[in-house]
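Take a look at the structure below.
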Amino acid sequence: MTEIQPVFSTSPDAWDRFVVAHPHRHILQTSPWGALKAQFGWAAERVGLARDGEPVAGAQVLYRRLPAGLGHLAYTPKGPLVDWADDENGEQLTALLAILDRAARSRGAIVLTVEPDLPDESVHRERLRELGFCPSLFGSLQPRRTLIVDISPGEEAILAAMKQKTRYNIRLAARKGVTVREATEADLPAFHALMAITAARDRFGVHTPAYYEAAYRLFVPRGWARLLLAEVEGEPVAALMVFALPPRAWYFYGASGDVHREKMPTYLLQWEAIRWAKSLGCTTYDLWGVPDEDEATLEAEFTRRRDGLWGVYRFKRGFGGELVRSVGAWDRVYAPLRYRLLVTGYSILDTWRRR
């Protein structure tokens, strides 16, 4: 068998073939995601282990310059992509981490933050500690808790698993004249306008229009994302961008206007996104982000809470799905003093912002 070799620069095409074939594939580890982030303050690098020029384990690492000359942050979203359980007697994972250390240090990183796509189980937490990681003092960059809908059954079975009110709202939207179509690049201004309305109404941050435009151009032509637009008599009333890497799909960005809300366009829109993902062969649909609380607390509090992700939980819970919590963000610290200074600085800034 050909020996496995370290690789410090993998071509986008070879990398994406590897990601698509990996059992833990995730859209945040694809080269278009790295290209997207590279347009907005990050640098992307794909490193790992290869056999005959093809990756067998690896990670897309994003780098960002830190303030006050502290160095760089190295960040691996939903990676590394490696067999965490039994990877050739542990040698593959050890070799991969050595490569990640070398790559991160060469960029002047003071810490490597990883957010593996692993459930929050003691076996995974202990493995990360054994490998020299500690829970990140910055917290997770991606939502730790989400609802994942099983879309492998037929459409009627998927609908039957939803809350009764959600099924009703999906059908109500269709009866009230809401239509959903695939949006084109020419519809991006309408999407931006709906995003601005949603951000102002619900008080949460959104990306710039340029960010969503870049995401559209990087993912939609490849068939890895779709922008859907809900309309009433030709007027845009809601929109979403859904991503897919079969057998998985993710709902990342959604927006709605202030008119025709009583017609429940967001429900029909989400249903059509599920149907699109299912048509590609996806079996799971990740609703991407709910409050990081246990199910009992979520169900007890969602009717009165509106802060943070609480506002969207009431909507998302209606589509059913399993509540899942990830293992979160873990840090491998290279420069302890500068790391502590950075943590202290961000803590002070966060306190000031909350005043």
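Per my numbering, residue -8 is the first one in the sequence shown, and the count goes up by one each step.
Cβ coordinates follow ideal geometry from the N, Cα and C atoms, glycine included.
In this text, all values refer to a predicted model and were calculated from it rather than measured experimentally.
Checking the DSSP bridge columns, you'll see W262 has no partner listed. Setting aside the 5 residues that flank it on each side, W33 is surrounded in the same chain by L53, Y54, R55, each with a C-beta closer than 7 Å to its C-beta; the list follows chain order. Beta-bridge partners of T104 (DSSP): Y66, D322. Apart from the 5 residues on each side of it in sequence, A326 sits with its Cβ closer than 7 Å to the Cβ of G62, I101 in its chain, given in chain order. In the three-state reduction of the DSSP assignment, L91 falls in the helix class. Within its own chain, the residues whose Cβ lies closer than 8 Å to the Cβ of L289, once the five positions on either side in sequence are excluded, are V281, P282, Y304, R308, L314, listed in chain order. For V73, the closest of E45, L40, I139, F210 by C-alpha to C-alpha distance is L40. DSSP places D285 in no beta strand (DSSP E); its state is neither H nor E. Annotation note: the stretch 98 to 148 contains the following uninterrupted alpha helix (DSSP H) runs of length 4 or greater, listed N- to C-terminal: 113 to 121. For D7, the enclosing alpha helix (DSSP H) begins and ends at 3 to 12. Per the Cβ contact rule, the stretch 185 to 196 is not in contact with the stretch 136 to 145 (fewer than 3 Cβ pairs under 8 Å). The C-alpha of A201 is placed about 26 Å away from the C-alpha of E106. With 16 or more other Cβ atoms from the protein chains shown falling within 10 Å of its own Cβ, F210 counts as buried. Beta-bridge pairing by DSSP links G272 to no other residue. Assigned with DSSP and collapsed to three states, T199 falls in coil, not helix or strand. Between the alpha carbons of Y66 and G168 lies a distance of about 45 Å. For F182, the uninterrupted alpha helix (DSSP H) segment begins and ends at 179 to 193. Residue burial annotation: A174 is buried, with at least 16 other C-beta atoms found within 10 angstroms of its C-beta.
Annotated three-state conformation of Q30 is coil, per DSSP.
Put simply, the backbone Cα of S270 is about 28 Å away from that of G248.
Secondary structure note for T157: its alpha helix (DSSP H) is the uninterrupted segment 155 to 166. Counting only the Cα atoms, C273 lies some 27 Å from D285. At a Cβ-Cβ threshold of 7 Å, D108 and H17 count as neighbours. In the three-state reduction of the DSSP assignment, V(-2) falls in the strand class. Under the 10 Å beta carbon count, T137 is surrounded by 16 or more other beta carbons and is classified as buried.
When C-beta atoms of the stretch 20 to 36 are compared with those of the stretch 252 to 259, fewer than three pairs fall below 8 Å, so the two segments do not count as touching. Between D92 and R116, the alpha-carbon positions lie close to 20 Å from each other. DSSP, reduced to helix, strand and coil, places T294 outside both helices and strands of the structure shown, so it counts as coil. Boundaries of the beta strand (DSSP E) harbouring F243: 239 to 247, taken from the DSSP string.
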